[in-house]
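Just so we're on the same page, the working numbering is the position in the sequence shown counted from 1, plus 220.
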Amino acid sequence: MSEMLEHLAGYIRLQADVSFDPQETYMQALDSLVKDLLADGHRSGAVSFSGDKPDCVRMPDMASLNPEDVGSLYERLRGFRLRVRQSREPELVPCVRGKRNQGLFYTPSTIVTFIVERTLDCLRISDPTEYLNLKILDPAVGTGVFLAEALEQITERVRTAKDNDRIDAAIASVKRKVGDKIENQRLELDRDTLIRIHVVEKCLYGVDLDPTAVEIARAVLLSRVQTNRLTYAASTNILHGNALKGEVVQRHMLTAKTDLDRAHASAFSQASGLDKHCFFHWPEEFPEVFSGSNSGFDAVIGNPPYEILSVKESGLQSRRGEQIYFRNFYSTCTGKINTYRLMIERALQLLRKGGALGFIVPATLLGDSTAEKLRRMILEQTSMFQTVVIPEKAKVFPGVTQALLVMVTRKSGSTDRIEPIFWNGDGPIHTSSEVSVSGDVVRNAGFRVPLIRTRAEMELLQAVTRFPPLGGNNDFQRVGRIHQGEINLTVHRDFITDERTMYPLIRGEHVNPLRVNHPVPGEKRLDWVLPDYVKQNGESNKRAGSNSSRSRSKAWKTERIVLARVVNMDTERRLKAAFVGPGVFLGDMTNFLAEPKLPVNYLLGLLNSRLLNWRMRLTSTNNYISAAEIQALPIPRIQQGELQSGALVHARQVFNGWTTEPDSSVEKFVKEISGMVKSVEDGSSQALTGKMIEWVAEDIQEPRDSSSIGTLWNLLDSLVLILYGVESMQQVPMVLI
Numbered sequence: 221m222s223e224m225l226e227h228l229a230g231y232i233r234l235q236a237d238v239s240f241d242p243q244e245t246y247m248q249a250l251d252s253l254v255k256d257l258l259a260d261g262h263r264s265g266a267v268s269f270s271g272d273k274p275d276c277v278r279m280p281d282m283a284s285l286n287p288e289d290v291g292s293l294y295e296r297l298r299g300f301r302l303r304v305r306q307s308r309e310p311e312l313v314p315c316v317r318g319k320r321n322q323g324l325f326y327t328p329s330t331i332v333t334f335i336v337e338r339t340l341d342c343l344r345i346s347d348p349t350e351y352l353n354l355k356i357l358d359p360a361v362g363t364g365v366f367l368a369e370a371l372e373q374i375t376e377r378v379r380t381a382k383d384n385d386r387i388d389a390a391i392a393s394v395k396r397k398v399g400d401k402i403e404n405q406r407l408e409l410d411r412d413t414l415i416r417i418h419v420v421e422k423c424l425y426g427v428d429l430d431p432t433a434v435e436i437a438r439a440v441l442l443s444r445v446q447t448n449r450l451t452y453a454a455s456t457n458i459l460h461g462n463a464l465k466g467e468v469v470q471r472h473m474l475t476a477k478t479d480l481d482r483a484h485a486s487a488f489s490q491a492s493g494l495d496k497h498c499f500f501h502w503p504e505e506f507p508e509v510f511s512g513s514n515s516g517f518d519a520v521i522g523n524p525p526y527e528i529l530s531v532k533e534s535g536l537q538s539r540r541g542e543q544i545y546f547r548n549f550y551s552t553c554t555g556k557i558n559t560y561r562l563m564i565e566r567a568l569q570l571l572r573k574g575g576a577l578g579f580i581v582p583a584t585l586l587g588d589s590t591a592e593k594l595r596r597m598i599l600e601q602t603s604m605f606q607t608v609v610i611p612e613k614a615k616v617f618p619g620v621t622q623a624l625l626v627m628v629t630r631k632s633g634s635t636d637r638i639e640p641i642f643w644n645g646d647g648p649i650h651t652s653s654e655v656s657v658s659g660d661v662v663r664n665a666g667f668r669v670p671l672i673r674t675r676a677e678m679e680l681l682q683a684v685t686r687f688p689p690l691g692g693n694n695d696f697q698r699v700g701r702i703h704q705g706e707i708n709l710t711v712h713r714d715f716i717t718d719e720r721t722m723y724p725l726i727r728g729e730h731v732n733p734l735r736v737n738h739p740v741p742g743e744k745r746l747d748w749v750l751p752d753y754v755k756q757n758g759e760s761n762k763r764a765g766s767n768s769s770r771s772r773s774k775a776w777k778t779e780r781i782v783l784a785r786v787v788n789m790d791t792e793r794r795l796k797a798a799f800v801g802p803g804v805f806l807g808d809m810t811n812f813l814a815e816p817k818l819p820v821n822y823l824l825g826l827l828n829s830r831l832l833n834w835r836m837r838l839t840s841t842n843n844y845i846s847a848a849e850i851q852a853l854p855i856p857r858i859q860q861g862e863l864q865s866g867a868l869v870h871a872r873q874v875f876n877g878w879t880t881e882p883d884s885s886v887e888k889f890v891k892e893i894s895g896m897v898k899s900v901e902d903g904s905s906q907a908l909t910g911k912m913i914e915w916v917a918e919d920i921q922e923p924r925d926s927s928s929i930g931t932l933w934n935l936l937d938s939l940v941l942i943l944y945g946v947e948s949m950q951q952v953p954m955v956l957i
């Protein structure tokens with residue numbers, strides 16, 4: 221048995237009956253251990269961690285743990301689950317989806333310190349006495365690390381304020397109020413202790429769904445106001461409840477908590493079992509915060525849980541009722557529901573006007589289609605103060621494989637520019653950025669925030685986004701319709717076979733740049749659609765509902781451009797497109813462009829270029845490429861009808877001559893083409909370049925010589941740069957590497 225289990229053994233009671241739940245038993249044992257440790261009031265010692273396995277936790281003498289250590293221990297231990305071997309011997313195994321660990325992660329101190337510091341800075345406080353009037357909330361308080369840091373920073377800012385009579389008067393007032401509660405009346409309280417007592421009792425607020433975490437958070441804060449000489453019965457504002465469920469504004473017609481509970485429970489399928497929801501009605505619980513004309517918290521800080529509320533992914537039917545509830549009570553709740561997005565909207569509701577929000581959340585907030593409404597709310601109703609991107613490879617959270625975002629924003633005005641900072645997990649986090657992304661660039665990128673690192677990237681992006689998006693805008697019609705592939709590999713499993721039929725099924729893995737590799741060589745794969753599906757699909761078309769559903773269900777009868785929909789974030793080429801003819805079905809791990817309004821090979825050339833691949837990567841925040849992301853790509857609208865035949869014939873001759881030369885130089889040819897394009901006097905230079913992009917795309921699909929493929933790709937990328945007018949930008953080669 222591991223060292224950790226030895227400490228827990230006295231609390232674990234293994235049962236032999238069939239109702240025994242190892243995980244429930246483990247959590248009960250952990251709760252009991254924590255309560256005993258907190259009750260003992262330990263003052264020193266530390267828990268060390270060298271990994272994420274049970275034996276990597278080094279336990280000191282249990283009598284030496286202080287509340288912070290207990291909190292660290294609890295945060296780590298709840299990431300395990302109890303497994304009972306056949307021999308009835310218990311063992312602990314890592315489990316990030318444990319009962320209380322879904323979406324919860326220990327936050328490194330560097331990040332905690334930075335968020336608290338920048339959130340306080342964002343409030344722009346000039347009079348230090350105002351720090352003593354702040355109301356600061358952590359709505360997912362956990363074991364209290366953010367509030368403990370806020371206590372330290374506020375104390376330091378007030379303590380170091382020089383020659384301030386108002387500070388002295390405020391502290392004297394605190395001294396009078398706490399004097400009666402001190403057991404040793406002759407004890408002279410120092411300035412820091414008085415400040416700490418006031419901040420804990422009047423400035424810090426926390427809520428959490430985990431009652432054990434709440435007890436730890438209370439103990440952590442109280443330990444900061446106790447000394448060996450002082451015993452003070454301080455109170456805290458740390459409460460148990462669900463910060464996401466409950467009333468935010470005061471209702472005059474409903475004052476009883478049970479009435480408010482029933483009003484919110486009505487959004488679920490049934491109003492019974494009110495206690496299980498842990499509704500938290502903010503004006504009822506913290507009336508002092510929500511009174512007055514500018515009610516609300518001055519700051520909301522923390523690391524909210526990141527959890528997708530899905531019946532399928534969790535296996536919990538209760539998720540269905542939660543989905544209904546949140547869609548009713550949250551205006552930005554679209555697509556898959558993630559708790560971090562709900563918590564951001566809730567935080568903005570709880571802030572007063574001019575208040576500050578400081579969170580660490582998944583970086584998908586910057587680009588996900590399902591987060592667009594929330595992104596608009598943040599950018600239109602707040603002014604971003606700090607944006608720090610932590611790449612996935614930084615791995616600042618053990619077990620978390622995604623990029624993260626530290627955001628600090630003020631609930632005032634709107635955001636006209638964002639200055640992204642990138643932190644790799646080492647050293648201090650910087651507060652200034654080399655680049656500034658304007659609101660216009662964000663809007664032109666489909667209301668996504670591009671992850672720009674250098675001025676060269678910024679200049680290139682501004683040049684590229686001068687062109688209208690593929691999905692169209694007020695001045696330009698869309699280039700075509702973007703849809704997800706029509707064959708769901710699970711729903712339509714009975715119609716998919718590994719035997720060859722006359723109907724190929726193209727999945728994401730088949731799609732390569734300008735080429736579909738189908739069927740997959742080797743063992744038999746489900747690469748074909750049965751004729752029965754075609755018959756059934758044809759009949760259902762007669763009863764199809766919307767025009768969109770009809771166009772999607774019939775799309776297999778037409779020519780299309782297929783794009784891979786799921787491509788790993790670390791893959792160098794994420795944008796991959798190819799041509800498919802009529803009679804071909806597409807799986808749901810693909811997207812497709814139907815009804816193209818521009819030449820297919822022209823579009824294929826652009827969609828497979830390094831330039832648009834770079835542009836797409838700037839705002840892509842997960843492995844899925846959505847239809848909206850494709851629609852946001854800038855596509856020049858060429859008018860080939862205006863192209864003079866003489867210029868076209870000459871260009872074709874030059875192109876044919878270049879492709880037949882065995883030692884053709886791309887650089888030499890591009891220089892010649894650039895001169896030819898500039899010499900066109902009838903305004904059709906884009907059309908001429910676009911036509912040559914078509915020719916190159918055709919040659920790559922059907923090359924005369926396989927050894928020329930690499931040269932043709934280089935030529936395609938060069939022509940695309942000419943088309944977008946960025947070929948002369950000196951930094952382009954470095955940006956696109």
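Ideal Cβ placement from N, Cα and C applies to all residues, glycine included.
Give me the Cα-Cα distance between valine 434 and phenylalanine 799, rounded to the nearest whole angstrom.
The alpha-carbon atoms of valine 434 and phenylalanine 799 are separated by roughly 57 Å.
By alpha-carbon positions, which one of Phe667, Phe805 and Leu868 ends up nearest to valine 851?
Looking at the sequence provided, one finds glutamine at residue 851 rather than valine. It is Phe667.
Helix, strand or coil: how does DSSP classify isoleucine 858 here?
Coil.
Where leucine 992 and glutamine 243 are concerned, what is the direct C-alpha to C-alpha distance, given to the nearest angstrom?
Since the first residue shown for the chain is 221 and the last is 957, residue 992 is missing from the structure and cannot be characterised.
With the cut-off set at 7 Å, would you say proline 724 and histidine 738 are in Cβ contact?
Yes, Cβ-Cβ distance for proline 724 and histidine 738 is below 7 Å.
Tell me whether phenylalanine 605 sits in a helix, a strand or coil according to DSSP, three-state version.
It is a strand residue.
Compute the Euclidean distance between the alpha carbons of glycine 466 and valine 394, then round it to the nearest angstrom.
In a straight line, the C-alpha of glycine 466 is about 33 Å away from that of valine 394.
Do alanine 907 and glutamine 859 have their C-beta atoms closer together than 7 Å?
For alanine 907 and glutamine 859, yes; Cβs fall inside 7 Å.
Can you find the residues in the same chain that come closer than 6 Å, C-beta to C-beta, to alanine 390, ignoring five residues on each side of it along the sequence?
Closer than 6 Å at the Cβ level, and outside the excluded window around alanine 390, lie Thr349 and Leu352.
Which residues bound the alpha helix (DSSP H) around arginine 416?
Segment 411 to 422, the alpha helix (DSSP H) holding arginine 416.
Between Tyr425, Phe334, Met809 and Lys382, which lies nearest to isoleucine 356 when the distance is taken from Cα to Cα?
Here the closest residue by C-alpha is Tyr425.
Please classify valine 277 as buried or exposed, where buried requires at least 16 neighbouring CB atoms within 10 angstroms.
Confidence at valine 277 is low in this model, with a pLDDT of 46, below 50, so the placement of that residue should be treated as unreliable; the coordinate-derived value is given next. Classification of valine 277: buried, given that the 10 Å Cβ count is 16 or more.
Ends of the alpha helix (DSSP H) at proline 431?
From DSSP, the alpha helix (DSSP H) with proline 431 extends over 431 to 443.
Among Glu639, Leu681 and Leu750, which residue has its Cα nearest to the Cα of arginine 713?
Out of Glu639, Leu681 and Leu750, Leu750 has the C-alpha closest to the C-alpha of arginine 713.
Taking the Cβ atom as the reference point for each residue, do valine 445 and alanine 437 lie within a distance shorter than 7 Å?
No, the pair does not count as a contact, with Cβ atoms beyond the cut-off.
Once DSSP output is grouped into helix, strand and coil, what is the label at valine 946?
Reduced to three states, the DSSP call for valine 946 is coil.
Kindly indicate the opening and closing residues of the alpha helix (DSSP H) around aspartate 518.
No alpha helix (DSSP H) contains aspartate 518, which is instead part of the beta strand (DSSP E) from 517 to 522.
How about proline 670 and leucine 838: are their beta carbons less than 7 Å apart?
Yes, they are a contact pair.
Given that a residue counts as buried once 16 or more other Cβ atoms are within 10 Å of its Cβ, and exposed if not, what is tyrosine 944?
Buried, by the Cβ-count rule.
Could you tell me the boundaries of the alpha helix (DSSP H) in which methionine 678 lies?
From DSSP, the alpha helix (DSSP H) with methionine 678 extends over 675 to 684.
Are the CB atoms of serine 589 and threonine 994 within a distance shorter than 7 Å?
Outside the displayed range of the chain (221 to 957) lies residue 994, so it cannot be described from this structure.
As a quick exercise: from Pro689, Asp747 and Asp412, pick the residue whose alpha carbon is nearest that of glutamate 376.
Of the listed residues, the one whose Cα sits closest to glutamate 376 is Asp412.
Return the Cβ separation of leucine 853 and phenylalanine 812 in integer angstroms, given the expectation that the two are a contact with Cβ distance under 8 Å.
15 Å between Cβ atoms; not a contact.
Is it right to say isoleucine 417 is buried, meaning 16 or more other beta carbons lie within 10 angstroms of its own, or is it exposed?
Label assigned to isoleucine 417: buried.
Does the Cβ of arginine 637 lie closer than 6 Å to at least one heavy atom of the ligand SAH?
With respect to small molecules bound, the structure shown includes none, and the ligand SAH cannot be examined in it.
State the CB to CB distance for the pair valine 890 and isoleucine 845, rounded to an integer number of angstroms; the pair is presumed to be in contact (CB under 8 Å).
At roughly 30 Å, the Cβ-Cβ gap does not stay under 8 Å, so valine 890 and isoleucine 845 are not in contact.
Are the beta-carbon atoms belonging to valine 916 and serine 829 less than 7 Å from one another?
Against a cut-off of 7 Å, the Cβ pair of serine 829 and valine 916 comes out as no contact.
Any idea if serine 938 is buried or exposed, counting beta-carbon neighbours within 10 angstroms, 16 or more meaning buried?
With 16 or more Cβ atoms within 10 Å of its Cβ, serine 938 is classed as buried.
Got a sec: is the Cβ-Cβ distance from proline 733 to anything in chain D below 7 Å?
Included in the structure is just one protein chain, with no chain D present.
How would you write the range of the beta strand (DSSP E) that asparagine 788 sits in, first residue to last?
Careful: asparagine 788 lies outside any beta strand (DSSP E) and carries neither H nor E.
Can you tell me where the alpha helix (DSSP H) holding glutamate 311 begins and where it ends?
Premise fails: glutamate 311 lies in the beta strand (DSSP E), 310 to 314, not in any alpha helix (DSSP H).
Of the residues Asp410, Leu354 and Glu309, which one's Cα is nearest the Cα of arginine 379?
Among Asp410, Leu354 and Glu309, the Cα nearest to that of arginine 379 is on Asp410.
Just list the residues that DSSP pairs histidine 703 with in beta bridges.
Its beta-bridge partners are Phe812.
Would you kindly check if the distance between the Cβ of phenylalanine 366 and the Cβ of isoleucine 521 is under 7 Å?
The answer is yes: Cβ separation under 7 Å.
Quick one: residues in its chain with C-beta nearer than 6 Å to the C-beta of aspartate 347, no 5 flanking neighbours on either side, listed in chain order?
Hits under 6 Å: none found.
What residue from Leu354, Glu947 and Ala249 has the CA that sits closest to valine 897's CA?
Measuring from the Cα of valine 897, the nearest candidate turns out to be Glu947.
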